[in-house]
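There are 2 protein chains.
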Amino acid sequence: MSSPKFADFAHYKQERAALINHDRSLRRDNPESKVSPSEAKADAIIRQLRLSENNSVWATEHEGVPHPFPGMEFLTGRNIILKTKLFEILAKMPKGALLHAHLDATVNAEFVLKLALEQPALHVRTAEPISAVTLSGLLPEFRALPKELFTNSEITLTDPSYIPGTWVSVKKARDTFDSALGGPDGFDKWVIGAMTINPSEGQSITYQTHNTVNKIWEKFTSTFTVSTGIIRFVPIWEKYIYEFFRSSVEDGVSYVEVRINFHPKYMFGEDGQENVPHRVWLQIFDATLNRFKADLKQQGRADEFIGARIIYSTLRYISVEDLDSTCEDCITLKQEFPHLIAGFDLVGPENVLKPLIYYAESLLRFRERQKELGIDIPFILHAGETLGDGTEADVNLYDAILLGTLRIGHGFSLVKHPKLMEMCRERNILIEVCPISYEILRLTSSMLMHPLPILMNNGLPVALCSDDPAMFGNMGLSFDFYQVNDPLHSPILLTYFLQVLVASEVTGLIALRELARDSLLHSTLEDTEKQRAIAAWEKRWEDFVESIVS
Amino acid sequence: MSSPKFADFAHYKQERAALINHDRSLRRDNPESKVSPSEAKADAIIRQLRLSENNSVWATEHEGVPHPFPGMEFLTGRNIILKTKLFEILAKMPKGALLHAHLDATVNAEFVLKLALEQPALHVRTAEPISAVTLSGLLPEFRALPKELFTNSEITLTDPSYIPGTWVSVKKARDTFDSALGGPDGFDKWVIGAMTINPSEGQSITYQTHNTVNKIWEKFTSTFTVSTGIIRFVPIWEKYIYEFFRSSVEDGVSYVEVRINFHPKYMFGEDGQENVPHRVWLQIFDATLNRFKADLKQQGRADEFIGARIIYSTLRYISVEDLDSTCEDCITLKQEFPHLIAGFDLVGPENVLKPLIYYAESLLRFRERQKELGIDIPFILHAGETLGDGTEADVNLYDAILLGTLRIGHGFSLVKHPKLMEMCRERNILIEVCPISYEILRLTSSMLMHPLPILMNNGLPVALCSDDPAMFGNMGLSFDFYQVNDPLHSPILLTYFLQVLVASEVTGLIALRELARDSLLHSTLEDTEKQRAIAAWEKRWEDFVESIVS
Numbered sequence: 000m001s002s003p004k005f006a007d008f009a010h011y012k013q014e015r016a017a018l019i020n021h022d023r024s025l026r027r028d029n030p031e032s033k034v035s036p037s038e039a040k041a042d043a044i045i046r047q048l049r050l051s052e053n054n055s056v057w058a059t060e061h062e063g064v065p066h067p068f069p070g071m072e073f074l075t076g077r078n079i080i081l082k083t084k085l086f087e088i089l090a091k092m093p094k095g096a097l098l099h100a101h102l103d104a105t106v107n108a109e110f111v112l113k114l115a116l117e118q119p120a121l122h123v124r125t126a127e128p129i130s131a132v133t134l135s136g137l138l139p140e141f142r143a144l145p146k147e148l149f150t151n152s153e154i155t156l157t158d159p160s161y162i163p164g165t166w167v168s169v170k171k172a173r174d175t176f177d178s179a180l181g182g183p184d185g186f187d188k189w190v191i192g193a194m195t196i197n198p199s200e201g202q203s204i205t206y207q208t209h210n211t212v213n214k215i216w217e218k219f220t221s222t223f224t225v226s227t228g229i230i231r232f233v234p235i236w237e238k239y240i241y242e243f244f245r246s247s248v249e250d251g252v253s254y255v256e257v258r259i260n261f262h263p264k265y266m267f268g269e270d271g272q273e274n275v276p277h278r279v280w281l282q283i284f285d286a287t288l289n290r291f292k293a294d295l296k297q298q299g300r301a302d303e304f305i306g307a308r309i310i311y312s313t314l315r316y317i318s319v320e321d322l323d324s325t326c327e328d329c330i331t332l333k334q335e336f337p338h339l340i341a342g343f344d345l346v347g348p349e350n351v352l353k354p355l356i357y358y359a360e361s362l363l364r365f366r367e368r369q370k371e372l373g374i375d376i377p378f379i380l381h382a383g384e385t386l387g388d389g390t391e392a393d394v395n396l397y398d399a400i401l402l403g404t405l406r407i408g409h410g411f412s413l414v415k416h417p418k419l420m421e422m423c424r425e426r427n428i429l430i431e432v433c434p435i436s437y438e439i440l441r442l443t444s445s446m447l448m449h450p451l452p453i454l455m456n457n458g459l460p461v462a463l464c465s466d467d468p469a470m471f472g473n474m475g476l477s478f479d480f481y482q483v484n485d486p487l488h489s490p491i492l493l494t495y496f497l498q499v500l501v502a503s504e505v506t507g508l509i510a511l512r513e514l515a516r517d518s519l520l521h522s523t524l525e526d527t528e529k530q531r532a533i534a535a536w537e538k539r540w541e542d543f544v545e546s547i548v549s
Numbered sequence: 000m001s002s003p004k005f006a007d008f009a010h011y012k013q014e015r016a017a018l019i020n021h022d023r024s025l026r027r028d029n030p031e032s033k034v035s036p037s038e039a040k041a042d043a044i045i046r047q048l049r050l051s052e053n054n055s056v057w058a059t060e061h062e063g064v065p066h067p068f069p070g071m072e073f074l075t076g077r078n079i080i081l082k083t084k085l086f087e088i089l090a091k092m093p094k095g096a097l098l099h100a101h102l103d104a105t106v107n108a109e110f111v112l113k114l115a116l117e118q119p120a121l122h123v124r125t126a127e128p129i130s131a132v133t134l135s136g137l138l139p140e141f142r143a144l145p146k147e148l149f150t151n152s153e154i155t156l157t158d159p160s161y162i163p164g165t166w167v168s169v170k171k172a173r174d175t176f177d178s179a180l181g182g183p184d185g186f187d188k189w190v191i192g193a194m195t196i197n198p199s200e201g202q203s204i205t206y207q208t209h210n211t212v213n214k215i216w217e218k219f220t221s222t223f224t225v226s227t228g229i230i231r232f233v234p235i236w237e238k239y240i241y242e243f244f245r246s247s248v249e250d251g252v253s254y255v256e257v258r259i260n261f262h263p264k265y266m267f268g269e270d271g272q273e274n275v276p277h278r279v280w281l282q283i284f285d286a287t288l289n290r291f292k293a294d295l296k297q298q299g300r301a302d303e304f305i306g307a308r309i310i311y312s313t314l315r316y317i318s319v320e321d322l323d324s325t326c327e328d329c330i331t332l333k334q335e336f337p338h339l340i341a342g343f344d345l346v347g348p349e350n351v352l353k354p355l356i357y358y359a360e361s362l363l364r365f366r367e368r369q370k371e372l373g374i375d376i377p378f379i380l381h382a383g384e385t386l387g388d389g390t391e392a393d394v395n396l397y398d399a400i401l402l403g404t405l406r407i408g409h410g411f412s413l414v415k416h417p418k419l420m421e422m423c424r425e426r427n428i429l430i431e432v433c434p435i436s437y438e439i440l441r442l443t444s445s446m447l448m449h450p451l452p453i454l455m456n457n458g459l460p461v462a463l464c465s466d467d468p469a470m471f472g473n474m475g476l477s478f479d480f481y482q483v484n485d486p487l488h489s490p491i492l493l494t495y496f497l498q499v500l501v502a503s504e505v506t507g508l509i510a511l512r513e514l515a516r517d518s519l520l521h522s523t524l525e526d527t528e529k530q531r532a533i534a535a536w537e538k539r540w541e542d543f544v545e546s547i548v549s
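Here the protein sequences come in this chain order: G and R.
For the first sequence, numbering that gives the first Met the number 0 begins at 0 and goes up steadily by one.
For the second sequence, numbering that gives the first Met the number 0 begins at 0 and goes up steadily by one.
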């Protein structure tokens with residue numbers, strides 16, 4: 000007969016408290032963490048507010064949202080989230096570094112369309128004339144044309160006589176969009192719909208029971224195809240990058256490491272020719288970064304942004320030979336721009352593309368080459384972005400770790416692997432977690448089903464990341480709002496921190512602090528820069544804590 | 000510069016294989032497990048079949064199921080599951096013990112209604128006359144009446160003049176059910192709908208995005224309220240228990256430990272009086288068990304069923320004083336029926352009822368009392384059946400383990416707790432996992448999101464259990480089919496094993512073997528009985544393996 004041994008109930012309660020502490024001892028905000036008196040007070044305020052809003056804001060019915068709950072599907076719940084005081088408070092939180100975002104999907108689609116409309120060189124075409132019947136199924140294809148190919152002004156996409164594939168200037172296409180299809184507003188709605196997974200689709204496409212991970216990836220991939228036609232054009236690219244930095248800073252981010260897809264060899268230049276090579280992309284990136292920092296400095300906000308670096312990325316369907324030459328390209332760029340190239344990754348839907356083992360030998364050669372040349376381009380690999388257990392996408396985790404990855408992009412299935420969890424904790428491999436991305440890509444149904452608490456309770460370093468915020472709905476604000484310098488207008492990371500906070504009773508303000516600090520600690524910044532970044536963040540954190548308390 | 004060190008690619012692949020093996024070394028079917036040549040062959044056949052059916056049965060569209068996938072929502076996918084060869088094969092698998100099921104929810108609702116119609120004493124009433132408008136919202140209330148209260152034959156539930164609350168004999172109510180509402184068939188549909196969460200509700204209630212765990216629990220609780228009015232009547236209870244044993248054996252189960260709710264002090268006797276005490280319940284259970292075993296023996300199938308025991312359960316809303324007297328009742332029953340009382344539990348929705356800590360002091364006293372009396376009624380507690388992290392329902396896990404629970408009912412949130420995972424593995428605490436229950440109660444959206452692989456990869460002993468199969472849809476077979484002695488007619492555990500198999504590439508036949516064996520190993524059977532049960536199961540397992548190979 001096995002039986003618990005306790006002297007009395009007080010003894011039981013003492014053992015219980017000890018067990019709970021022991022179970023939480025691996026957490027980055029473990030019971031031994033240093034907490035200032037102000038932080039303790041602010042944490043209590045946040046916890047009390049969470050509890051009271053669970054019973055007020057979340058306990059009432061809201062239009063179009065039958066049974067709301069904290070941590071519910073982001074696209075459906077975001078208008079309720081906006082009503083909470085927690086949201087308002089977290090808006091001011093300094094978020095640290097943004098370590099996982101794909102540049103082509105970081106800027107609000109409405110803003111991108113606005114940029115497109117300013118460029119006479121940008122044209123659009125479709126595979127059929129647009130009608131009420133074809134509208135929802137047709138995707139716009141954008142590209143810049145050289146001046147001599149600018150088209151005659153008489154053509155319109157919605158004319159039944161439109162010859163499929165004929166280029167029309169974007170502005171013209173918008174101005175002449177059939178009024179029966181909404182006119183210019185209808186055009187905007189159509190283009191933005193093709194570039195985003197928006198809330199109304201939230202009901203029909205994203206959140207429908209039968210939609211699988213692969214089905215939503217199809218829609219997701221098509222949004223990239225549409226928007227890159229606009230973005231990868233030098234006059235727009237500069238403005239796009241600037242806006243990415245600007246909105247990141249507004250979101251409380253002080254440093255970014257952004258993934259750029261270098262698979263296309265060229266982008267379009269101002270002359271409409273597709274001939275601008277990678278090194279010019281980086282020159283523009285560098286110049287824009289410097290311009291942005293100078294502008295911030297002029298506003299007396301230099302401390303809000305340390306800088307930005309690039310994770311060189313290619314796609315997981317290329318051949319091994321192509322990977323070899325891609326790695327050489329990456330090395331060449333690193334040699335010219337050592338301060339910009341932060342790491343290397345291979346991206347794309349893991350469930351359907353090639354596994355890392357396919358590329359492993361080439362990737363090992365890549366590291367050898369770096370050693371010979373005395374340079375360091377660490378792997379920062381996507382792995383385990385899957386529901387599978389033992390599938391190729393899941394098994395990518397073993398390869399990422401064996402290849403020496405500095406961090407893991409997503410690592411959604413990592414929690415299934417006891418040994419790998421231990422290795423990540425011991426080797427200090429940070430997991431780049433993108434909560435809302437997994438929900439929209441149907442890996443989880445809500446924050447409550449998310450494995451994040453497992454990672455946190457096991458003491459793995461985690462950073463919250465936005466992944467592809469432009470595709471996932473950038474709060475749907477209009478152009479007008481967008482001009483206003485309002486911290487609520489691009490609250491991507493803000494929302495993530497909020498969702499993480501409401502999905503766990505263990506998580507409080509100190510856990511959010513560790514998430515933000517870990518993002519800076521696990522960046523590729525050099526030691527001195529890193530210390531400076533952390534010191535600046537700590538100063539802002541103290542101010543933030545004081546603002547809650549007062 | 001950190002960098003992986005491998006002599007060559009062969010070395011890399013060798014290290015990779017070793018890491019994968021190491022990561023899986025905790026599993027019950029770890030790479031060191033004993034596997035016979037026949038088992039290896041059968042495992043390969045099963046894996047090949049899973050792969051080929053993923054690309055055939057699951058890759059085509061099926062009526063009413065837009066994007067099917069293996070491991071999809073059970074209620075929607077079950078007609079596709081039935082078409083697979085894997086299903087046909089697993090039908091013959093000996094499943095071991097059924098360790099987690101609530102007796103009141105174990106027998107097909109159509110069968111229960113059929114039993115009710117045979118009993119003149121059973122009556123039904125509603126809170127309003129039934130009309131096309133009120134039908135879907137009204138619940139039937141059943142109870143046995145003493146002969147002197149049998150009602151006049153002129154009353155019918157669907158008559159607008161029906162006086163709310165008037166008892167009508169069940170048979171009469173069925174016969175006179177308004178033909179505009181479907182007549183007798185409409186009556187059956189209404190009653191069965193009130194006793195089950197059925198597939199059509201699967202679309203609207205169970206699987207709708209906004210349905211939360213608490214919302215579906217409301218429906219779930221109401222199904223119990225309706226069916227207990229029929230079941231807790233001696234002439235039906237006997238037949239009900241017999242059917243539970245029979246269908247368990249048909250499902251490949253050779254031993255059961257069933258939870259019975261002893262919160263009501265009495266059930267209804269044949270005379271329509273609510274005066275049959277707990278000890279008579281157990282006498283009936285015992286007699287029925289012996290009768291069933293004798294019948295099996297007569298059919299030469301004695302080895303298919305070892306027996307059944309009861310986990311005494313009460314509800315998590317009673318007061319501490321009531322718990323004290325409940326524990327005394329449990330002790331009295333254990334003293335009279337030592338072979339029947341296997342353990343003790345408190346049940347009900349953990350997210351809304353009282354936490355274990357509320358009862359902990361009383362539960363410790365209960366164990367002390369047992370020690371004094373020289374008896375052993377181990378706790379087999381529900382805990383962690385929740386999406387929460389650090390919520391009361393989640394924290395129940397600490398109490399269950401500290402109180403010395405023999406197994407954990409559900410333990411859905413256990414995977415969030417590194418220390419508790421370790422304790423369960425070291426103390427050999429088995430987790431009673433009910434895969435489809437969590438999906439229907441909205442803890443997971445599909446088998447692919449289920450934490451089961453985390454438990455298995457961490458080496459925790461797990462048994463697959465049916466929980467409340469009657470409420471979750473018993474394959475919807477008609478009375479006619481139900482009479483046929485067909486192994487497919489109550490394939491609850493069968494389906495569970497199948498779903499577990501298709502949700503992980505790591506899991507194969509050997510993992511299923513360990514799940515089945517663990518269910519017997521972690522039963523409360525005495526050593527000798529346990530050895531006998533395992534030996535009988537092993538013999539059947541060998542036959543099963545041979546049947547796959549040949």
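Backbone N, C-alpha and C fix where the C-beta goes; we use that ideal spot for every residue, glycine too.
- Excluding the 5 residues flanking it on each side, N274/R has same chain C-beta neighbours closer than 7 Å at Y265 and G268, in chain order.
- Judged by DSSP secondary structure, V123/R falls within the beta strand (DSSP E) whose first and last residues are L121 to R124.
- Under the criterion of beta carbons closer than 8 Å, E52/R and L85/R qualify as touching, at roughly 6 Å.
- If you ignore the 5 residues before and after G403/G, its C-beta comes within less than 7 Å of the C-beta of F378, all in its own chain and listed in chain order.
- Its chain contains F223, S226, T227, I230 and N260 as the residues whose beta carbon lies nearer than 7 Å to that of D103/R, once the 5 sequence neighbours on both sides are disregarded; these appear in chain order.
- The alpha-carbon of A115/R is positioned some 40 Å away from that of E513/R.
- The beta strand (DSSP E) runs lying completely inside the segment 391-460 of chain R and spanning 3 residues or more are 406-409 and 429-432, given in chain order.
- By alpha-carbon distance to C433/R, the top candidate from N456/R, P468/R and G458/R is P468/R.
- Scanning its chain for C-beta atoms nearer than 7 Å, with the 5 sequence neighbours on each side dropped, one finds around E303/G the residues V248, S253 and L295, in chain order.
- With a threshold of 7 Å between beta carbons, V505/G makes contact with chain R.
- Between the C-alpha atoms of K238/G and L148/G there is a straight-line separation of about 24 Å.
- Within the segment 524-540 of chain G, no residue has its Cβ closer than 7 Å to any Cβ of chain R.
- In this structure, S318/R lies away from D344/R, with their beta-carbon atoms at least 7 Å apart.
- Fewer than three pairs of CB atoms, one per stretch, sit closer than 8 Å, so the segment 507-525 of chain G makes no contact with the segment 285-294 of chain G.
- Straight across, the Cα-Cα distance linking P163/G with P183/G is about 20 Å.
- Taking a contact to require three or more Cβ pairs closer than 8 Å, the segment 314-328 of chain R and the segment 343-362 of chain R qualify as touching.
- Within the segment 404-437 of chain G, contact with chain R at the beta-carbon level (separation under 9 Å) is assigned to L405, S412, V414, K415, H416, P417, K418, L419, M420, M422 and R426.
- None of the residues of the segment 331-351 of chain G has a beta carbon lying less than 9 Å from any beta carbon of chain R.
- E367/G is the residue among E367/G, H381/G and A382/G whose C-alpha sits nearest the C-alpha of D375/G.
- Counting along the chain, the unbroken alpha helix (DSSP H) around V279/R starts and ends at H277 to Q297.
- Going by DSSP, T494/R is part of the alpha helix (DSSP H) stretching over I491 to V501.
- T443/R and H66/R have their C-alpha atoms roughly 18 Å apart.
- In the DSSP assignment, R366/R falls within the unbroken alpha helix (DSSP H) covering L355 to L372.
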